[in-house]
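Scroll down for the structure; my scribbles are underneath it.
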Amino acid sequence: MKTGLRRFFLVTVGAILMMNLFGCSNIKFEKYSSKDVLINLSMDYIAGWRHSETRGAYGSYAQVMFFPFEKGNESPRAIIDITVKESAKIKPPFRTVKDAADDIMRKRVQFKDTKLLSESTIKVLGNDATVIELSYLAPGSFVDVKAKSVPVKEKIIITKKGDNFYFVRYQNAAKEFDQYDAAFSHMVSTMKLK
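Each residue of the sequence shown is one higher than the one before, counting from 263 in the working numbering.
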């Protein structure tokens, strides 16, 4: 009898650990389908979050931003966004995904205490993608630039499909980063060109 109880306990604990490690949590998802032809994506996003599509000056990029809706909070810390840039409109031009990742690192070094936590390669939209995870200090509020700096973690996935570079980014306060990291991975895994 003890063996059966031990096996049940181990299976239950294992299942709970797998759900926590691999993102099978209580987070629910809704479907997103871009209106902007440059973004040209459909994917899951976190239920209850809002999204907003924008275009850069002179059509230099298209972006969709996902953020939690919290009444009274004009400055959410958790942000997931996808920025699509046409190769011809990027200055200086990137030839490879690695060039784009290096450019991001050069820009992030300007933040205080920037650290590269990891760099890896995955498949996104059928192509190789570079994943960089960083930490740095950033203003605690996007509205008040004089706000006290807080530790931030950011994961950026960069890939190229056709003539477009895709920058998929998740940023959150370091202490809250794990809250949506698995959901971010799920969102990326469901990305499809329309």
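No residue lacks a Cβ here, since even glycine has one placed at the ideal position from N, Cα and C.
Check whether the stretch 354–374 touches the stretch 316–331, taking contact to mean three or more Cβ pairs, one atom from each stretch, closer than 8 Å.
Touching, no, given that fewer than three Cβ pairs across the two stretches are closer than 8 Å.
Per the contact definition of three or more C-beta pairs closer than 8 Å, is the stretch 368–381 in contact with the stretch 436–453?
Too few Cβ pairs lie closer than 8 Å, so no.
Do residue 362 and residue 419 have their CB atoms nearer than 8 Å?
Not a contact, by the Cβ cut-off of 8 Å.
Going by C-alpha distance, which of 395, 428 and 381 is nearest residue 463?
Nothing in the structure corresponds to residue 463, since the chain is present only between 263 and 456.
Would you report the Cα separation of residue 439 and residue 415, rounded to the nearest angstrom?
Cα-Cα distance, rounded: 6 Å.
Which same chain residues, not among the five before or five after residue 441, have their C-beta less than 8 Å away from its C-beta?
Closer than 8 Å at the Cβ level, and outside the excluded window around residue 441, lie 340 and 434.
DSSP has residue 371 in a bridge; who is on the other side?
Per DSSP, none; premise fails for residue 371.
Need the endpoints of the alpha helix (DSSP H) that residue 400 sits in, please.
Counting along the chain, residue 400 falls outside any alpha helix (DSSP H), though it belongs to the beta strand (DSSP E) covering 389–401.
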